[in-house]
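Numbering follows numbering that gives the first Met the number 0, with no gaps: position 67 of the sequence shown is 66.
Cβ atoms here follow ideal geometry from the backbone N, Cα and C, with glycine treated the same way.
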Amino acid sequence: MNRIELPRAFGEARIQYLDGDYKVLSQGSYVRCAVTGLQIPIDELKYWNVEFQEAYVDASASLERHRQRQR
């Protein structure tokens, strides 16, 4: 069975963010951006912070969170 044939899980996933990878703790089809609250489909997840265990919808959101933490 390949990725296309796998049944899709619905709802929000729980993820453990690792360096350059992540581990799915609880199946779901998306995670939420820590800055915008937008849903990020799991297969489009590219930006996260390992230390704070947060996902970001794009590089701008990641930079915004970094700036917030610098204040």
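Tell me whether Val-30 is buried or exposed, calling it buried when 16 or more other Cβ atoms sit within 10 Å of its Cβ. Buried, because 16 or more other Cβ atoms sit within 10 Å of the Cβ of Val-30.
Apart from the five residues on each side of it in sequence, which residues of its chain come closer than 8 Å, Cβ to Cβ, to Met-0? With a pLDDT of 40 at Met-0, under the threshold of 50, the modelled position of that residue is not reliable, and the figure given next carries that caveat. Residues of the same chain with their beta carbon placed closer than 8 Å to that of Met-0 are lacking, with the five preceding and five following residues left out of the count.
Leu-24: first and last residue of the uninterrupted beta strand (DSSP E) it sits in: Per DSSP, Leu-24 is one residue of the beta strand (DSSP E) stretching across 20–25.
With distances taken Cα to Cα, identify the nearest neighbour of Val-49 among Asp-57, Thr-35 and Ile-14. The shortest Cα separation from Val-49 among Asp-57, Thr-35 and Ile-14 belongs to Ile-14.
Outcome for Ala-58 when other beta-carbon atoms lying within 10 angstroms are tallied against a minimum of 16: By the 10 Å Cβ count, Ala-58 comes out exposed.
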